[in-house]
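Just below is one structure, and these are the notes that go with it.
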Amino acid sequence: MIKKTFSCISYITISIFLILSSSISNVQAQDVISQKTSSPITVSINGINISSDINKPYQDLNSIVMIPLNSIYKNLGNDFNLKMNKDYVLLSNSSYNITLKNNYKKISSNGKTITLSTAPVIKNNIIYVPLEFFSKVLGKTINWNSYTKVAKICTPYKNEESYFKDSLNSNTYSYISQKLNTYMTLLQKYDNFHGSVLVAKGGNILLNKGYSKSDFEQNIDNSPQTEFPIGSMTKQFTAMAIMQLEEKGLLSEDDPISKYIPDYPKGNTITIKNLLTHTSGIVNYTNLPEFWTMKTDSFKDIQNVINLFKNKPLEFEPGTKFSYSNSGYVLLGYIITKVTGTSYIDYLKENIFKPLNMNNTGIAYNGSDKLYTSSGYSGYLDIYPIDDEMTLNGTYGAGSLYSTTEDLYKWDRALYTEKLVSNSTLNKIFTGYVKVGEYQPYYGYGWMITDGKYGKEIYHGGNILGFTSNIARYPENDLTIILLTNVGYYNLNSLNDTLADICMGGSYTLPTPKTEINLDSKILEKYAGTYYLNANQQNITIKNENGNLYYEPTEGIKYQLFPESSKKFFLKEADLEIEFITGSKDSIYGLKFYKDGVSMIAHRK
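Here it is, written out as structure tokens:
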């Protein structure tokens, strides 16, 4: 979960390779009228469930959710009128004049043509439209939960803050904005980026845009208001809540946690500050196999998670070293509830989200009810749907929140003011107390702090199975970069650095396509063998089978390597490249991994 670290490739093995299902790199919609399933689908509009005993939503043979427009159009607001005959439908009000035709993907909206991936269908004098109709044509936000069969259609909030309304105030900023969008467009095309990006400098929003899909199955586009789980970025909000409570005199960062959790073993030696800075010595529970075998229902009680690590021996004496621990932030969230007498999320809503108008930020799951709008995926050039319900339900103050790029920019702007806490408390939050590693940044309270080529950088990322997030703040240049993507473990580190270079006039390279070449099987055979990775004492097998080279990170699991040169190969399941190292007489003595801008060498055995 820590930005700018590379712990061999264990996370690739665990969170990418072991959980892949069916590839959806190119989702093609077809005009399929047949109903796939009779499972009931619930539709809600702006939080109100819409019932229909006769005209029911259904999924077609491509799993596309089809909604009976006749049954819900009056609930869309703005006094819509609907007229139809056997071939076409007219949906109109004072703002819209929309024409839909039976089995025709092109929609006319106010004279503009919008092409859907799935055509509307008229059956029994009822017009059925795909969910993407509501987002692409009506500008609604869509949340589809394929497990509970709930489709939520909502009207987006309007941002009233001046910085969302102001236009760029110079040609220089306009030029930078164009360069940023060009880079991201190419990254989407060649590196399969899908997510939302907001970049701002000097109070000017240079880029605020969604790329690719928030839901590939339903063909819903990402937008600036798409809601993504933010993983460990949650920690900065937990830390802020703790510091607010300190300002109110309800706790102290120097308090032992035994003051709030009396039965916690050695709790008198562990302080709140130790939890904030990952110096408690408490084992990280998300590294425990027991966590991954827990039932989702058990997450309703935070004590079930605390009991996973509560009686484990401390890894070191509190305050003596750094070791990233989600357990500490689970305890911080628990302390917030103990001190305030309210739930963790209710405290955040009332004391952070509402004051900042962060209307699209909250807890990711309420039981099995998915509260955010995007769907999670794993992979790289080929992606695969993945369920993060367990991870998000079981991380509380360590990683349970969702947000949008726009809401996070409101958060960023507030951190330059005293809206939430005083400047002296902000200085505490943004002070680096402990070094993360030899060549790593310092850790503050829910943030990492380092000095880079553009001055002080304050940042934190989040990685879970189907989502990656990062916010980076460069206060000396008033530069903010917010990146949210609905693919797990996407390389946002180098992307953030490149976008900073574009904004600051640094050099950078535009994304280019990965081009696969053909290699003779005799060349591939030279590379087959076993390699030893010193970093985690792991054997890695490379196999040549039927004229294709395969990477086998662990026995029984293998993934094809695609050649881009005679020595360099790439994977489609992960952003990982392998380059074989030759010695005298073209002998192969090792290979080099490239991941997230870091390289590692494995020697041939």
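Residue numbers (my numbering): 513 to 1117.
Where a beta carbon is used, it is the ideal one built from N, C-alpha and C, also for glycine.
In this text, all values refer to a predicted model and were calculated from it rather than measured experimentally.
Quiz prompt | DSSP three-state assignment for residue 758, whether helix, strand or coil | solution = Taking the sequence shown and counting its residues from 1, the one referred to as residue 758 is at position 246. Of the three classes helix, strand and coil, the one that applies to residue 758 here is helix, per DSSP.
Self-check item: Separation of residue 861 from residue 957, as counted between CA atoms
Solution: Sequence index remark: in the sequence shown, residue 957 carries index 445 (1-based). Sequence index remark: in the sequence shown, residue 861 carries index 349 (1-based). In a straight line, the C-alpha of residue 957 is about 20 Å away from that of residue 861.
Exercise. With a threshold of 16 other CB atoms inside 10 Å of the CB of residue 1115, please say whether the residue is buried or exposed.
Key: Reading the sequence shown from its first residue, position 603 is the one you call residue 1115. Under this definition residue 1115 is an exposed residue.
Quiz item: Quick one, are the C-beta atoms of residue 786 and residue 830 less than 7 Å apart?
Solution: To locate residue 786, count along the sequence shown from 1; it is residue 274. To locate residue 830, count along the sequence shown from 1; it is residue 318. The answer is yes: Cβ separation under 7 Å.
Practice problem: Decide if the stretch 1036–1043 is in contact with the stretch 991–1001; the criterion is three or more beta carbon pairs, one per stretch, under 8 Å apart. | Solution: no
Quiz prompt | Contact under 7 Å by Cβ, residue 738 with residue 885 | solution = What you label residue 738 is simply residue 226 of the sequence shown in a count that begins at 1. What you label residue 885 is simply residue 373 of the sequence shown in a count that begins at 1. Yes, these two residues count as a Cβ contact at 7 Å.
Quiz item: If you draw a straight line from the alpha carbon of residue 687 to that of residue 961, how long is it in whole angstroms?
Solution: Locating residue 687 in the sequence shown gives position 175, where the first residue counts as 1. Locating residue 961 in the sequence shown gives position 449, where the first residue counts as 1. One C-alpha to the other measures close to 30 Å.
Quiz item: Unbroken beta strand (DSSP E) runs of length 3 or more, entirely within the stretch 1025–1077: which are they?
Solution: 1041–1045, 1050–1057, 1060–1066, 1069–1075
Self-check item: contact_flag[the stretch 879–898, the stretch 787–798] where n(CB pairs < 8 Å) is 3 or more
Solution: no
Quiz item: What residue from 611, 1098, 746 has the CA that sits closest to residue 857's CA?
Solution: Position 345 of the sequence shown holds residue 857. It is 746 whose Cα lies nearest to the Cα of residue 857.
Quiz item: Would you call the stretch 717–728 and the stretch 907–915 in contact, with 3 or more CB pairs under 8 Å?
Solution: no
Quiz item: Expressed to the nearest angstrom, what Euclidean distance is found between the alpha-carbon atoms of residue 997 and residue 664?
Solution: Locating residue 997 in the sequence shown gives position 485, counting from the first residue. Locating residue 664 in the sequence shown gives position 152, counting from the first residue. In a straight line, the C-alpha of residue 997 is about 21 Å away from that of residue 664.
Self-check item: Same chain, Cβ closer than 6 Å to residue 538, neighbours up to 5 away in sequence not counted
Solution: Residue numbering aside, residue 538 sits at position 26 when the sequence shown is read from its first letter. With a pLDDT of only 31 at residue 538, under 50, the local geometry of the prediction cannot be trusted, and the value read off the model is given with reservation. Cβ neighbours of residue 538 beyond the five flanking positions: none.
Quiz item: Buried or exposed: which applies to residue 874, given that a residue is buried once 16 or more other Cβ atoms fall within 10 Å of its Cβ?
Solution: Taking the sequence shown and counting its residues from 1, the one referred to as residue 874 is at position 362. Looking at its Cβ environment, which holds 16 or more other Cβ atoms inside 10 Å, residue 874 is buried.
Practice problem: Give the single residue among 721, 707, 731, 773 whose Cα lies nearest to the Cα of residue 742. | Solution: As a working mapping, residue 742 is identified with position 230 in the sequence shown. It is 707 whose Cα lies nearest to the Cα of residue 742.
Exercise. Could you tell me if residue 632 is buried or exposed, where buried requires 16 or more neighbouring beta carbons within 10 angstroms of its beta carbon?
Key: To locate residue 632, count along the sequence shown from 1; it is residue 120. Its Cβ being crowded by 16 or more others within 10 Å, residue 632 is buried.
Quiz item: Using a Cβ-Cβ cut-off of 7 Å (strictly less than) and excluding sequence neighbours within five positions of residue 638, which residues of its own chain qualify?
Solution: Looking up residue 638 in the sequence shown gives position 126. The answer, listed in chain order, is 567, 580, 582.
Quiz item: Is DSSP giving residue 856 helix, strand or coil here?
Solution: Position 344 of the sequence shown, counting from 1, holds the residue named residue 856. Helix at residue 856.
Exercise. Measure the C-alpha to C-alpha separation of residue 570 and residue 1000 and round it to an integer number of angstroms.
Key: As a working mapping, residue 570 is identified with position 58 in the sequence shown. As a working mapping, residue 1000 is identified with position 488 in the sequence shown. Going by the C-alpha atoms only, they are around 30 Å apart.
Quiz item: Under a Cβ-count criterion, where at least 16 other Cβ atoms within 10 Å of its own Cβ denotes burial, should residue 1110 be classed as buried or exposed?
Solution: Working through the sequence shown from its first residue, we reach residue 1110 at position 598. By the 10 Å Cβ count, residue 1110 comes out exposed.
Quiz prompt | With 16 other Cβ atoms within 10 Å as the buried cut-off, status of residue 951 | solution = On the sequence shown, residue 951 is found 439 positions in, with the first residue counted as 1. When all chains shown are included, residue 951 counts as exposed.
Quiz prompt | Per-residue DSSP class, three states only, for residue 801 | solution = Taking the sequence shown and counting its residues from 1, one reaches residue 801 at position 289. Helix at residue 801.
Quiz prompt | Proximal residues to residue 942 (C-beta, below 7 Å), its chain only, five neighbours per side dropped | solution = The residue given as residue 942 occupies position 430 in the sequence shown. Excluding positions up to five away in sequence, the list reads 956, 959, 961, 970.
Quiz item: If you count every other CB in all the chains shown that lies within 10 Å of the CB of residue 923, and 16 or more means buried, which is it?
Solution: Residue mapping note: residue 923 aligns to position 411 of the sequence shown, counting from 1. Classification for residue 923: buried.
Self-check item: CB contact flag (residue 587, residue 599, <7 Å)
Solution: What you label residue 587 is simply residue 75 of the sequence shown in a count that begins at 1. What you label residue 599 is simply residue 87 of the sequence shown in a count that begins at 1. Going by C-beta atoms, residue 587 is not nearer than 7 Å to residue 599.
Quiz item: With a CB to CB cut of under 7 Å and the five nearest residues on each side skipped, what residues in its chain are close to residue 935?
Solution: Indexing the sequence shown from 1 puts residue 935 at position 423. Nothing listed; no residue qualifies.
Quiz item: So, do the stretch 766–781 and the stretch 864–879 have three or more beta carbon pairs nearer to each other than 8 Å?
Solution: no
Quiz item: Can we say the stretch 1012–1029 touches the stretch 1071–1081, given the rule of at least three CB pairs closer than 8 Å?
Solution: yes
Quiz item: Which partner residues does residue 955 have in the DSSP bridge list?
Solution: Looking up residue 955 in the sequence shown gives position 443. Paired residue(s): 946, 960.
Self-check item: Distance CB(residue 845)-CB(residue 907) smaller than 7 Å
Solution: What you label residue 845 is simply residue 333 of the sequence shown in a count that begins at 1. What you label residue 907 is simply residue 395 of the sequence shown in a count that begins at 1. In this structure, residue 907 does not lie closer than 7 Å to residue 845 by Cβ.
Quiz item: CA-CA distance, residue 700 and residue 772?
Solution: Translated into the one-based positions of the sequence shown, residue 700 becomes position 188. Translated into the one-based positions of the sequence shown, residue 772 becomes position 260. Cα-Cα distance, rounded: 48 Å.
Practice problem: Give the range of the alpha helix (DSSP H) segment to which residue 1107 is assigned. | Solution: Numbered from its first residue, the sequence shown carries residue 1107 at position 595. Unbroken run through residue 1107 is the beta strand (DSSP E), 1100–1107; no alpha helix (DSSP H).
Self-check item: Collapsed DSSP secondary structure at residue 771 in the structure displayed
Solution: On the sequence shown, position 259 is the one that residue 771 refers to. Residue 771 falls in the helix class under three-state DSSP.
Quiz item: DSSP state of residue 546, grouped into three classes?
Solution: Against the sequence shown, residue 546 aligns to sequence position 34. Because the pLDDT at residue 546 is just 40, under 50, the model does not fix this residue reliably, and the point stays unresolved.
Quiz item: Cβ atoms of residue 910 and residue 838: under 7 Å apart, would you say?
Solution: As a first step, residue 838 is located in the sequence shown; it is residue number 326 there, counting from the start. As a first step, residue 910 is located in the sequence shown; it is residue number 398 there, counting from the start. Result yes, Cβ atoms of residue 838 and residue 910 sit closer than 7 Å.
Self-check item: residue 1117 - DSSP class collapsed to helix/strand/coil
Solution: Numbered from 1 along the sequence shown, position 605 holds the residue referred to as residue 1117. DSSP places residue 1117 in coil when its eight states are reduced to three.
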